[in-house]
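Everything on this sheet refers to the single structure shown next.
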Amino acid sequence: MRTDGREKDTLRAITIHKNFTDKTPGSVLIQSGGTMVLCTASISDKLPPWMNPEDGHGWITAEYNMLPGSTSPRKRRDRDGKVDGRSTEIQRLIGRSLRAVTDLKKLGPRLVTVDCDVLQADGGTRTLSITGGMIALLDAIHSIDEFSTLQPGDPDFPLNDYVAAVSVGIVDGEPLLDLCYQEDFAAAVDMNVVMTGAGRFVEIQGTGEEATFDENELTALLGLAKKGIRELLKLMGN
744 MRTDGREKDT LRAITIHKNF TDKTPGSVLI QSGGTMVLCT ASISDKLPPW MNPEDGHGWI
804 TAEYNMLPGS TSPRKRRDRD GKVDGRSTEI QRLIGRSLRA VTDLKKLGPR LVTVDCDVLQ
864 ADGGTRTLSI TGGMIALLDA IHSIDEFSTL QPGDPDFPLN DYVAAVSVGI VDGEPLLDLC
924 YQEDFAAAVD MNVVMTGAGR FVEIQGTGEE ATFDENELTA LLGLAKKGIR ELLKLMGN
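Right under this line is the structure:
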């Protein structure tokens, strides 16, 4: 039994509050245990400067931030456009994950910006941001009239699948699903897995923290991740 009473293959309790704000076409407050992330998705017809609107392709980008009160001690607020290296890495991961299930041609010359703001951190902020970002992105695209009645996988819909993410790790020799902060801090191996509804991997980030892991342990971790992601996808309606 783990510190919070879960079995090794059990997700933390997930709550999803859609339409949490009314200023963007997609917004969701998603919570996993003690981790809470507000994800919003905004749509603009102003593409990044490096894109040619005449090509007809759109783009999806993401921004990630941990608010000052999300951790203890307080995290300093980013100023003057400066983003720390960790935040930069995570927002690139979120953007890659969402674009992996998007047909940018079908999206048309639109820019969708997914903002993920961590309100409270207790492990798994990047993976929960991907899952919440997917929900916000789906709602944002549904706000476009021509896509309002379609679903991922429909021939004319820009999203060809769902995507979700979860953390796994080895703590005290045991493979565990969905690490809280205490487990993440103590993990000998820490891994983040991003996967589509079709069971295809988008990204696997695995690291031995002053430790190594073998093929059997890798297989066990991926098995836990697949189980957890399938459960998250069901919560999305996939």
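For the sequence shown, the working numbering begins at 744 and goes up steadily by one.
From the three backbone atoms N, C-alpha and C, an ideal C-beta is built for every residue, glycine too.
| Asked | Found |
| --- | --- |
| State the Cα-Cα distance for the pair T778 and T758, rounded to the nearest angstrom. | 11 Å |
| Which residue from S886, L862, T874 and I884 puts its Cα closest to that of D921? | T874 |
| Leaving aside the five residues before and after A907 along the sequence, list all residues of the same chain whose C-beta is less than 6 Å from its C-beta, in chain order. | T874, I972, L975 and L976 |
| Return the Cβ separation of L847 and G801 in integer angstroms, given the expectation that the two are a contact with Cβ distance under 8 Å. | 5 Å |
| Ordered along the chain, which non-local residues of its own chain (more than five positions away) have a Cβ less than 6 Å from that of P796? | L790 and P852 |
| Please tell me whether E926 and G966 are closer than 8 Å, where the distance is taken between their beta carbons. | no |
| When you compare the CB positions of I837 and Y807, do they come within less than 8 Å of one another, or not? | yes |
| Please report the straight-line C-alpha distance between M979 and D788, rounded to a whole angstrom. | 27 Å |
| Please report the Cβ distance between V844 and Y905, rounded to the nearest whole angstrom; I am assuming they are in contact, meaning their Cβ atoms lie under 8 Å. | 7 Å |
| Given a threshold of 16 other Cβ atoms within 10 Å of its Cβ, counted over all protein chains shown, does S840 qualify as buried or as exposed? | buried |
| Measure the alpha-carbon distance for G968 versus V911 and round it to whole angstroms. | It is Ala, not Gly, that sits at residue 968 in the sequence shown. Answer to the nearest angstrom: the Cα atoms are 6 Å apart. |
| When the Cα of K766 is compared with those of E750, D899 and A883, which residue comes out closest? | A883 |
| Out of S815, P816, E832 and P811, which has the shortest C-alpha to C-alpha gap to R822? | P811 |
| Whole angstroms are fine: how far does the CA of I887 sit from the CA of D798? | 20 Å |
| Span of the beta strand (DSSP E) holding F928? | Not the beta strand (DSSP E): F928 falls in the alpha helix (DSSP H), residues Y924 to A929. |
| Check whether the Cβ atoms of C923 and D747 lie closer than 8 Å to each other. | yes |
| Please look up how many angstroms separate the CB atoms of A756 and G769, rounded, as I've assumed it's under 8 Å. | Not quite, the Cβ-Cβ distance comes to about 23 Å (not below 8 Å), so this is no contact. |
| Does the beta carbon of V909 sit closer than 8 Å to a beta carbon anywhere in chain B? | Given the protein chain composition of this structure (a single chain), no chain B is represented. |
| Is R842 buried or exposed, if buried means 16 or more other CB atoms sit within 10 Å of its CB? | buried |
| Considering only residues of the stretch 836–880, which uninterrupted alpha helix (DSSP H) runs meet the minimum length of 4 residues and lie entirely inside it, listed in chain order? | 847–850 |
| If I follow the unbroken alpha helix (DSSP H) through M934, where does it start and stop? | No alpha helix (DSSP H) holds M934; the beta strand (DSSP E) holding it covers V932 to T939. |
| State buried or exposed for A879, treating a residue as buried only when at least 16 other CB atoms are found within 10 Å of its CB. | buried |
| Work out the CA separation of T870 and L881 for me, nearest whole Å. | 17 Å |
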